[in-house]
Amino acid sequence: MSTHRPADSLQSPRFAQPATFMRLPHHRGAAGLDVAILGIPFDGGVSYRPGPRFAPRAVREHSSLIRPYHPVLRVSPFEVLKVADVGDVDVNPMNIEDTFGRVEAAVGAVLEAAAIPACVGGDHSLSLPILRAVARRHGPVGMVHFDAHQDMWEQYFGNRYFHGTPFRRAVEEGLLDPRRVVQVGIRGPVYAEGDFEFGQRHGVRVVRAEDVAERGVPWVREQMQVARGGPVYVSFDVDSLDPAFAPGTGTPEVGGLTSREALALVRGLVGLPIVGFDVVEVSPPYDPAHITALLAANVLFELVAVIAAGRGGQPR
Ligand code: MN
Ligand code: MN
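Heads up, the sequence shown is in the working numbering, so the first residue is 140 and it goes up one at a time.
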């Protein structure tokens, strides 16, 4: 029986008490945990609308609505796994490379404690230092990446680090096994056809948003199995969803996934050996009615439930 249960919302109203992710206990450090949820309030890597520095607090607040049983996966993830909110990384708001060092150290400490890092960004540049820590422990990983964008550009205004480059850098640094990477939800105008060349050359599989609409969720779930064959990282950019479902983000692209599709696809990850994940690019200042923070909270719950279901729904 897990001692790491969320606060019981039938005893303590869900709008009461300091907010933590999914009303879980706050822990200092990840010792003894299976999954450590880590906030990373940094948006120094954005190229357009800012705001994800405010996302961990917003997701904590709106995750108060999460209930502890998953009726589709038939799992009580907090009975199976010891999960806690381990607080935020103290980023350097003025310096991306210093922040990367702090993030890599914090995620490395979680992995050192043999817990799975569950990171709530923050902008997508943060996936690079997270992957540096993950690859140091597990070697090059496969990845299922939900996004409107490949995030494999070379640079922006001469900067090699921003939220449009993390996965190019990760391939270059040998953190990803690109033949076990699949990107889902890609769409929207780019600068030129050549923008897709890097991923193609390295054998990255792309499932465009148009393919999701035309070929359906079961087909996409099959494509995601390309990540099999070793440890898998999951990176979830909320702009993979249509702005109708996730308006609170920095670089919205029309024609994206619905919430229903996104949840169904995430559930399709059951059985993959997930060693870490992130949910990024929520921008609360652009999030009317907190729609996107609520979505991110639910994606967080889905991913924890997927990991619990992958362990047979039973505590270790
Ligand atoms: Mn992204
Ligand atoms: Mn994106």
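Ideal Cβ placement from N, Cα and C applies to all residues, glycine included.
Please tell me whether, using a cut-off of 7 Å, the distance from the CB of residue i to the nearest non-hydrogen atom of ligand 2 is below it.
{"i": "residue 417", "result": "no"}
{"i": "residue 165", "result": "no"}
{"i": "residue 304", "result": "no"}
{"i": "residue 390", "result": "yes"}
Which residue's Cα is closest to the Cα of residue i: the options?
{"i": "residue 226", "options": "232, 443, 180", "result": "180"}
{"i": "residue 328", "options": "300, 317, 288, 203", "result": "288"}
{"i": "residue 356", "options": "275, 368, 407, 277", "result": "407"}
{"i": "residue 338", "options": "358, 300, 202, 291", "result": "291"}
{"i": "residue 295", "options": "421, 243, 144, 184", "result": "184"}
{"i": "residue 148", "options": "178, 164, 203", "result": "203"}
{"i": "residue 353", "options": "383, 150, 324", "result": "324"}
{"i": "residue 411", "options": "208, 278, 365", "result": "365"}
{"i": "residue 303", "options": "293, 237, 402", "result": "293"}
{"i": "residue 192", "options": "210, 231, 165", "result": "231"}
{"i": "residue 313", "options": "427, 265, 278", "result": "278"}
{"i": "residue 449", "options": "439, 413, 428", "result": "413"}
{"i": "residue 307", "options": "276, 264, 275, 348", "result": "264"}
{"i": "residue 311", "options": "340, 321, 248", "result": "340"}
{"i": "residue 286", "options": "351, 155, 452, 239", "result": "351"}
{"i": "residue 235", "options": "276, 440, 164, 301", "result": "301"}
{"i": "residue 384", "options": "151, 434, 359", "result": "434"}
{"i": "residue 367", "options": "315, 398, 388", "result": "315"}
Hey, is residue i close to ligand 1, as in C-beta under 7 Å from one of its heavy atoms?
{"i": "residue 251", "result": "no"}
{"i": "residue 143", "result": "no"}
{"i": "residue 182", "result": "no"}
{"i": "residue 479", "result": "This structure cannot speak to residue 479, because the chain is shown only from 140 to 455."}
{"i": "residue 376", "result": "yes"}
{"i": "residue 290", "result": "yes"}
{"i": "residue 286", "result": "yes"}
{"i": "residue 341", "result": "no"}
{"i": "residue 277", "result": "no"}
{"i": "residue 461", "result": "Since the first residue shown for the chain is 140 and the last is 455, residue 461 is missing from the structure and cannot be characterised."}
Could you give the C-beta distance for residue i and residue j, rounded to a whole number, given that I count them as a contact under 8 Å?
{"i": "residue 326", "j": "residue 392", "result": "6 Å"}
{"i": "residue 404", "j": "residue 381", "result": "Not a contact, Cβ separation roughly 14 Å."}
{"i": "residue 436", "j": "residue 205", "result": "6 Å"}
{"i": "residue 190", "j": "residue 386", "result": "Contact flag wrong, Cβ pair sits at about 12 Å."}
{"i": "residue 390", "j": "residue 186", "result": "7 Å"}
{"i": "residue 212", "j": "residue 346", "result": "Residue 212 to residue 346, Cβ: 22 Å. No contact."}
{"i": "residue 249", "j": "residue 228", "result": "With 8 Å as the limit, residue 249 and residue 228 do not qualify as a contact, their Cβ atoms being about 10 Å apart."}
{"i": "residue 421", "j": "residue 362", "result": "That belief does not hold up - the Cβ atoms of residue 421 and residue 362 are roughly 26 Å apart, past 8 Å."}
{"i": "residue 262", "j": "residue 378", "result": "Actually they do not touch by this definition, with Cβ atoms about 11 Å apart."}
{"i": "residue 370", "j": "residue 342", "result": "Wrong, their Cβ atoms sit about 18 Å apart, outside the cutoff."}
{"i": "residue 428", "j": "residue 394", "result": "Not confirmed; about 22 Å, so no contact."}
{"i": "residue 210", "j": "residue 145", "result": "With 8 Å as the limit, residue 210 and residue 145 do not qualify as a contact, their Cβ atoms being about 17 Å apart."}
{"i": "residue 188", "j": "residue 425", "result": "6 Å"}
Using 8 Å as the limit for Cβ to Cβ distance, is residue i near chain B?
{"i": "residue 352", "result": "In summary, chain B is missing from the structure at hand, where a single protein chain is found."}
Legend entry - Segment contact flag, the region 259-278 with the region 327-344, C-beta cutoff 8 Å, min 3 pairs: Result no; under three Cβ-Cβ pairs closer than 8 Å.
Inset, instruction - Entirely within the region 149-198 and at least 3 residues each: give me those beta strand (DSSP E) ranges in chain order. - result: 174-178
Legend entry - Given 8 Å, three or more beta-carbon pairs between the region 280-296 and the region 366-376: yes
Legend entry - Inter-stretch contact (C-beta, 8 Å, three-pair minimum) for the region 244-259 and the region 404-420: yes
Legend entry - alpha helix (DSSP H) runs contained entirely in the region 209-290, provided each spans 4 or more residues: 216-219, 235-251, 266-277
Legend entry - Touch test, the region 219-233 against the region 172-191, Cβ-Cβ under 8 Å, three pairs minimum: yes
Inset, instruction - Enumerate, from N- to C-terminal direction, the unbroken beta strand (DSSP E) stretches of 3 or more residues contained entirely within the region 291-379. - result: 315-325, 344-347, 371-376
Inset, instruction - Specify whether the region 211-218 and the region 434-451 touch according to this definition: at least 3 beta carbon pairs, one from each stretch, less than 8 Å apart. - result: Touching, per the Cβ criterion.
Legend entry - the region 187-203 contacting the region 150-162, beta-carbon criterion three pairs below 8 Å: yes
Inset, instruction - Starting from the N-terminal side, write out each stretch of the beta strand (DSSP E) that is 3 residues or longer and does not extend beyond the region 397-451. - result: Runs of the beta strand (DSSP E) lying entirely within the region 397-451, each at least 3 residues long, are 413-419 in chain order.
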